Amino acid sequence: MLEYGDGDGDGDGDGDEDKRWSLDLAGTPQLISNSESTLIDRPPPFSDQVLENVLENVLCFLTSCSDRNAASLVCKSWFNAEAQSRLELFIGNCYAISPARAIFRFPRIRSLMLKGKPRFADFNLVPLGWGASFSPWVAAMASAYPWLQRICLKRMTVTDADLALVACSFPSFRDLCLICCDGFTTAGLAAIAENCRCLHSLDLIENDVEDDEDEVVDWISRFPPGKTCLESLVFDCVRFSVNFEALEALVARSPSLWRLRVNEHVSVGFLCRLMAWAPQLTDLGTGSFSSFEEDGFRDLAPEYLRAIYPVCANLISLNFSYAQITAEQLKPVIASCHNLQILWILDSVRDEGLQMVAATCKKLRELRVFPLDATEDSEGSVSDIGLTAISEGCQKLQSILYFCQSMTNEAVVAMSKNCQDLVVFRLCIMGRHRPDHLTGEPMDEGFGAIVKNCKKLTRLAVSGLLTDKAFAYIGNYGKSVRTLSVAFAGNSDLGLRYVLEGCPKLQKLEIRDSPFGDAGLLSGIHHYYNMRFLWMSSCKISLKGCKEVARRLPLMGLEVITDSLEDDNNGVVEKLYMYRSLVGPRNDAPPFVKLL
Numbered sequence: 000m001l002e003y004g005d006g007d008g009d010g011d012g013d014g015d016e017d018k019r020w021s022l023d024l025a026g027t028p029q030l031i032s033n034s035e036s037t038l039i040d041r042p043p044p045f046s047d048q049v050l051e052n053v054l055e056n057v058l059c060f061l062t063s064c065s066d067r068n069a070a071s072l073v074c075k076s077w078f079n080a081e082a083q084s085r086l087e088l089f090i091g092n093c094y095a096i097s098p099a100r101a102i103f104r105f106p107r108i109r110s111l112m113l114k115g116k117p118r119f120a121d122f123n124l125v126p127l128g129w130g131a132s133f134s135p136w137v138a139a140m141a142s143a144y145p146w147l148q149r150i151c152l153k154r155m156t157v158t159d160a161d162l163a164l165v166a167c168s169f170p171s172f173r174d175l176c177l178i179c180c181d182g183f184t185t186a187g188l189a190a191i192a193e194n195c196r197c198l199h200s201l202d203l204i205e206n207d208v209e210d211d212e213d214e215v216v217d218w219i220s221r222f223p224p225g226k227t228c229l230e231s232l233v234f235d236c237v238r239f240s241v242n243f244e245a246l247e248a249l250v251a252r253s254p255s256l257w258r259l260r261v262n263e264h265v266s267v268g269f270l271c272r273l274m275a276w277a278p279q280l281t282d283l284g285t286g287s288f289s290s291f292e293e294d295g296f297r298d299l300a301p302e303y304l305r306a307i308y309p310v311c312a313n314l315i316s317l318n319f320s321y322a323q324i325t326a327e328q329l330k331p332v333i334a335s336c337h338n339l340q341i342l343w344i345l346d347s348v349r350d351e352g353l354q355m356v357a358a359t360c361k362k363l364r365e366l367r368v369f370p371l372d373a374t375e376d377s378e379g380s381v382s383d384i385g386l387t388a389i390s391e392g393c394q395k396l397q398s399i400l401y402f403c404q405s406m407t408n409e410a411v412v413a414m415s416k417n418c419q420d421l422v423v424f425r426l427c428i429m430g431r432h433r434p435d436h437l438t439g440e441p442m443d444e445g446f447g448a449i450v451k452n453c454k455k456l457t458r459l460a461v462s463g464l465l466t467d468k469a470f471a472y473i474g475n476y477g478k479s480v481r482t483l484s485v486a487f488a489g490n491s492d493l494g495l496r497y498v499l500e501g502c503p504k505l506q507k508l509e510i511r512d513s514p515f516g517d518a519g520l521l522s523g524i525h526h527y528y529n530m531r532f533l534w535m536s537s538c539k540i541s542l543k544g545c546k547e548v549a550r551r552l553p554l555m556g557l558e559v560i561t562d563s564l565e566d567d568n569n570g571v572v573e574k575l576y577m578y579r580s581l582v583g584p585r586n587d588a589p590p591f592v593k594l595l
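Numbering that gives the first Met the number 0 applies: residue 0 is where the sequence shown begins, and numbers increase by one.
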């Protein structure tokens, strides 16, 4: 276990002088007690290589993060065996540990998932150039992990040189997944396609591919000729057109392809031709679902829709999040999707479209409804009517993300009763402080019902007009909540205190535009060492309060982020990012980041 000595105690005044840190399965430090530390330091009863080999063969059957972490605490033999048998590494914050230290701890990794910027980077709340570069990681791994097969990066800055190094360093490389990343171009994609001869998946999800229009590389044509191992190809975020003939040929020689998500430049006609080569698809992303051909734009023709019906019956996942389709266009497609488990869609289908989904997709596990127009003054196309229909028709639902302009407590309460297997509930009522649109009451009772009735809930996003009462509900009943997102909500510091004192499993807390100040921030002193991160922006915290947290928790990383190079505005902190780290302050912070 990676340990970080702290001879001066943990700084919170409780007198413990011998606390240490470990790297848990989430790749972030975990505070361990003196008794656990004793177990680590105690000489194992058997130290021969045979015992460690046996342990490695046993530990390989442990797939649970918590189980493997617990096993590593038993004694040094178990600690060493767990490190040697670990093949998958998840690091939830690239600044929680250095590449060298992670590699030293886990020398046999085959799969790496690495996260970088805070999640609110997706909303442009993290300034450009904040950090999270993949370069030091891939440089260290290139020589240490020659057998690496899979990399998944989220909110990282990735250069073409990084992708080229991946392509030439790992001869058995199979899977690359980039989510919300930036810094690379189609030239980097071409390097992966051309040099990774064992590639099974290339998934590009919500990335910013940074080509100039006249420098786009025909990366699809770089895949080697002949039969491929490709199982998943996702490029719906790439805003440039692709060589369709090369794409069609690639799909035709990829018999194992089960996931295909194309971008807006692949028309419905082309999409139908692709599906003729891949009837085995179970995951389809349609792009914009337009009928633009060389001879111009025309309405969505019925014959195009009929051409994709045979695929619909097999689909488990369908992504319409780039397709501005209406309820009428959705109806004949969704009617055949009886096996659908995952659906991403725009609110252009309106409540009527969601009612069709509810009537047909009884196996639905995940639903995401995105806004076509995300501005506060947009009319909005889905409402409590659509949410109620989904809760009544899709009672196996486990995860929902729902953007809307208006909502009622009654609809949210109904979902809490009908869909009690919910693990993720993210309701985004666009606009500030919007109440129940029928009663004018706060949305407290709706969100209270969710945390009361959905005992498996681990992720919650709240919005709308909420008082401290809603946060009291979360603190009292949200005992399994690990991730909480708050926007434009709350009355006072008491609301934040309810959450920090009442949610023992809380790992990630992100807050924006809420009235929480220093008192609320300081109420979590006892819990921050157990969390992965805290993000606060446009709240009422001060530099003085942040410095007090830094003084009392010296092993936490605290960053005060400004939108310019100017100093803080009269001591008011616009953005605070606080996270656990084994390596101390990072050395690549830009000038607009003040490290406390």
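Note that beta-carbon positions come from the ideal geometry of N, C-alpha and C, so glycine has one too. Just so we're clear, the structure is a prediction, and the values are computed from it rather than from any experiment.
- Within a 10 Å sphere around the beta-carbon of C167 sit fewer than 16 other beta-carbons, which makes this residue exposed.
- Inter-residue distance for C393 and I324 is about 21 Å (C-alpha atoms, whole angstroms).
- Restricted to the segment 524-557, the beta strand (DSSP E) segments that are unbroken, complete and at least 3 residues in length are 532-536, listed in chain order.
- Annotation: I102 to V57 spans about 22 Å, alpha carbon to alpha carbon.
- Taking 8 Å as the cut-off, the beta carbon of L203 is found closer than this to the beta carbon of V233.
- Contiguous beta strand (DSSP E) elements confined to the segment 174-220 occur at 174-178, 200-204, taking only those with 3 or more residues.
- Just measuring C-alpha positions, the residue of G225, Y144, G182 sitting nearest D161 is G182.
- When S479, M530, L177, D159 are compared, the shortest CA-CA separation from K114 is found for L177.
- Using a 10 angstroms sphere on the CB of E500, the tally of other CB atoms stays under 16, which defines it as exposed.
- A check of alpha carbon separations from N52 across N68, A69, N79 identifies N79 as the nearest.
- With respect to the C-alpha of V241, the residue from P254, V261, L256, C228 having the closest C-alpha is V261.
- Comparing C-alpha distances from M530 to each of K574, N338, V411, V498 shows the shortest one belongs to V498.
- Per DSSP, M355 lies in no beta strand (DSSP E); the unbroken alpha helix (DSSP H) holding it starts and ends at 349-359.
- Burial state of P441 is buried, judged by a 10 Å Cβ sphere holding 16 or more other Cβ atoms.
- Considering only P170, S171, G556, D282, the residue with the shortest C-alpha distance to Y94 is G556.
- A Cβ-Cβ separation of about 11 Å leaves P278 out of contact with P254 under the 8 Å criterion.
- Pairing L595 with P503, the inter-Cα distance amounts to about 26 Å.
- With a minimum length of 3 residues, the unbroken runs of beta strand (DSSP E) contained wholly in the segment 442-520 fall at 458-461, 482-486, 507-511.
- A distance below 8 Å between beta-carbons, with the five flanking residues on each side excluded, links R238 to the following residues of its chain, in chain order: V208, N262, E263.
- Looking only at R364, K116, I428, L465, the smallest Cα-Cα distance to P514 is reached by L465.
- The Cβ atoms of L495 and G519 lie closer than 8 Å to each other.
- Annotation for K330: the continuous alpha helix (DSSP H) segment containing it runs 326-333.
- Excluding five sequence positions before and after P589, the CB atoms of its chain that fall closer than 6 Å to its own CB belong to G128, given in chain order.
- It is roughly 22 Å from the alpha-carbon of F172 to the alpha-carbon of A251.
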